[in-house]
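Following: one structure in structure tokens, then a few remarks.
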Amino acid sequence: MTLRQPRDTDGYALNQLVERCKPLDTNSVYCNLLQCSDFADTAIAAIAANGELVGFISGYRPPARPDTLFVWQVAVDDRMRGQGLALKMLLALTERVMANGVQYMETTITPGNEASEALFKRAFARLNSDYQTRVLFSRSNHFNGQHDDEVLYRAGPFSPSAKA
Ligand SMILES: CC(C)(COP(=O)(O)OP(=O)(O)OC[C@H]1O[C@@H](n2cnc3c(N)ncnc32)[C@H](O)[C@@H]1OP(=O)(O)O)[C@@H](O)C(=O)NCCC(=O)NCCS
16 MTLRQPRDTD GYALNQLVER CKPLDTNSVY CNLLQCSDFA DTAIAAIAAN
66 GELVGFISGY RPPARPDTLF VWQVAVDDRM RGQGLALKML LALTERVMAN
116 GVQYMETTIT PGNEASEALF KRAFARLNSD YQTRVLFSRS NHFNGQHDDE
166 VLYRAGPFSP SAKA
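Be aware that the sequence shown starts at 16, since it is given in the numbering used here, and climbs by one per residue.
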């Protein structure tokens, strides 16, 4: 297993990986290509020995908060789950962006996504960081009743000595 910064040629495989990873929302291939090119600095890919893309974290630095890594999606292929791959990717990505000035991490989680909650709480603990939560996008105000609330988790500031 290799963890590396994505390349634009990973975009199509990323689109297929996300499609296999319910309940993630799928995006266009074009969006995935941008995540693997313009936003590659804030993303990480896991490549199996046979070259297959089996894990991915997409993210970006919000223009108004460049000290923050906003984690957009985390996807691990079904066959590779339960082995610590998501945590490994998240900590490796955090270490990389911290070297470039990031001190905070944000993500949103749909209540009831236990795997996602466990993953981020474990990562925040490994980074010795507290976190705050609040509803960022609500079912009624933002999704017209068609999607559950998205709860924002914000952790940091990370101490420079915090390591993956
Ligand atoms: C969420 C997901 C990325 C986890 O990947 P993974 O490689 O299996 O996760 P890890 O093995 O690194 O586990 C990290 C933590 O989450 C916990 N966890 C993983 N899957 C879990 C599950 N289904 N239920 C409860 N906890 C779970 C692990 O126990 C671990 O916590 P711990 O260290 O306290 O024991 C993967 O299940 C996935 O791709 N799911 C579908 C897409 C999704 O929901 N993504 C997250 C939203 S962005």
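For every residue, glycine included, the Cβ atom is placed at its ideal position computed from N, Cα and C.
The structure presented is a predicted model; accordingly, all values stated were derived computationally and were not measured.
Query	Result
With 16 other Cβ atoms within 10 Å as the buried cut-off, status of Val-44	exposed
Alpha-carbon to alpha-carbon, Leu-32 and Arg-182	The chain is shown from 16 up to 179; residue 182 falls before or after that span and cannot be answered.
Contained alpha helix (DSSP H) runs [length at least 4] in the stretch 80-127, N- to C-terminal order	100-113
For Val-165, the residue or residues it bridges with in DSSP	It is worth fixing the name first, because residue 165 is Glu in this sequence and not Val. According to DSSP, Glu-165 bridges with Phe-152.
Near ligand 1: Pro-126 beta-carbon under 7 Å from a heavy atom	no
Bridge partner(s) assigned by DSSP for Ala-170	Met-120, Tyr-146
Check: Glu-34 C-beta below 7 Å from any heavy atom of ligand 1	no
Straight-line Cα distance separating Thr-123 from Asn-42	17 Å
Start-to-end residues for the beta strand (DSSP E) that takes in Ser-131	Unbroken run through Ser-131 is the alpha helix (DSSP H), 129-141; no beta strand (DSSP E).
Sub-8 Å separation of Lys-103 and Leu-18 beta-carbons	yes
Check: Leu-39 C-beta below 7 Å from any heavy atom of ligand 1	yes
Counted within 10 angstroms of its Cβ, other Cβ atoms place Asn-65 as buried (16 or more) or exposed	exposed
Separation of Ala-28 from Ala-170, as counted between CA atoms	30 Å
Pro-21 burial status per 10 Å Cβ neighbour count (16 or more: buried)	buried
Bridge-paired residues (DSSP) for Thr-17	Ile-62
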